[in-house]
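Colleague: My numbering applies: residue 149 is where the sequence shown begins, and numbers increase by one.
Ideal Cβ placement from N, Cα and C applies to all residues, glycine included.
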Amino acid sequence: ELAKNNEEMYLFSPYDIEQVYGVPMSEISISEKYREMVDNKRIRKSKIKAREFFQILAEIQFESGYPYMMFEDTVNRANPIKGRINMSNLCSEILQVNAPTEYHEDLTYRRIGKDISCNLGSLNIAQVMDSPDFGKSIEIAIRGLTAVSEMSNIRSVPSIEKGNQESHAIGLG
Numbered sequence: 149e150l151a152k153n154n155e156e157m158y159l160f161s162p163y164d165i166e167q168v169y170g171v172p173m174s175e176i177s178i179s180e181k182y183r184e185m186v187d188n189k190r191i192r193k194s195k196i197k198a199r200e201f202f203q204i205l206a207e208i209q210f211e212s213g214y215p216y217m218m219f220e221d222t223v224n225r226a227n228p229i230k231g232r233i234n235m236s237n238l239c240s241e242i243l244q245v246n247a248p249t250e251y252h253e254d255l256t257y258r259r260i261g262k263d264i265s266c267n268l269g270s271l272n273i274a275q276v277m278d279s280p281d282f283g284k285s286i287e288i289a290i291r292g293l294t295a296v297s298e299m300s301n302i303r304s305v306p307s308i309e310k311g312n313q314e315s316h317a318i319g320l321g
């Protein structure tokens with residue numbers, strides 16, 4: 149919206165955001181709080197030209213394919229699951245509700261959060277499209293990914309283990 153209207157946009161200090169709101173910046177809807185944060189003198193910020201920023205970003209994407217972008221507002225408007233999505237894996241094919249882990253002062257767990265687990269598979273689309281039974285090929289691939297998800301046991305990162313157990317996210321491309 150700011151780029152469309154050729155306006156300036158602000159970049160905010162994540163530290164200040166957490167001090168003012170009591171939660172990490174990643175847990176705040178920037179769209180909902182943007183004007184409030186702009187007006188808040190306790191939050192350090194710097195101003196850039198929105199259109200120029202997105203122009204440079206588009207040029208970099210055209211040249212390299214990166215960075216991938218996820219539009220949080222759009223994702224959450226379409227999210228049928230209770231909770232907020234604020235990140236994804238690199239290519240954005242897995243979008244899951246996540247929650248931060250909370251720790252006691254001695255670093256033991258107060259509450260185990262829920263993080264994203266990427267159980268991804270790929271097919272050679274040319275071969276799959278030419279196969280005599282396209283549907284069967286997809287079904288077998290999905291069964292395989294489901295088995296991977298069910299067998300994934302990431303005890304060393306309890307929040308990912310919890311996310312995988314509760315969501316069983318898979319992606320096939």
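Would I264 and G311 qualify as a contact pair, given that the criterion is a beta-carbon distance under 7 Å?
Modeller: Judged by their CB atoms, I264 and G311 are nearer to each other than the 7 Å cut-off.
Colleague: Looking at C-beta atoms only, is the number of pairs between the segment 296-311 and the segment 254-264 that lie closer than 8 Å three or more?
Modeller: yes
Colleague: Extract the residue ranges of the alpha helix (DSSP H) inside the segment 223-302, only unbroken runs of 4 or more that lie entirely within it.
Modeller: 273-278, 282-299
Colleague: DSSP on E180, reduced to helix/strand/coil?
Modeller: helix
Colleague: When the Cα atoms are used, what is the spatial distance from F329 to L271?
Modeller: With the chain represented from 149 up to 321, any question about residue 329 goes unanswered, as that position is not in the structure.
Colleague: For the alpha helix (DSSP H) containing I208, name the first residue and the last one.
Modeller: 198-212
Colleague: Going by DSSP, which residues form a beta bridge with E156?
Modeller: K197
Colleague: Which residues in the same chain have their Cβ closer than 6 Å to the Cβ of P172, if we skip the five residues on either side of it in sequence?
Modeller: E166
Colleague: For the pair the segment 155-162 and the segment 190-199, tell me if three or more CB-CB distances fall below 8 Å.
Modeller: Short answer: they touch.
Colleague: When you compare only the Cα positions, how much space is there between S236 and L293?
Modeller: 18 Å
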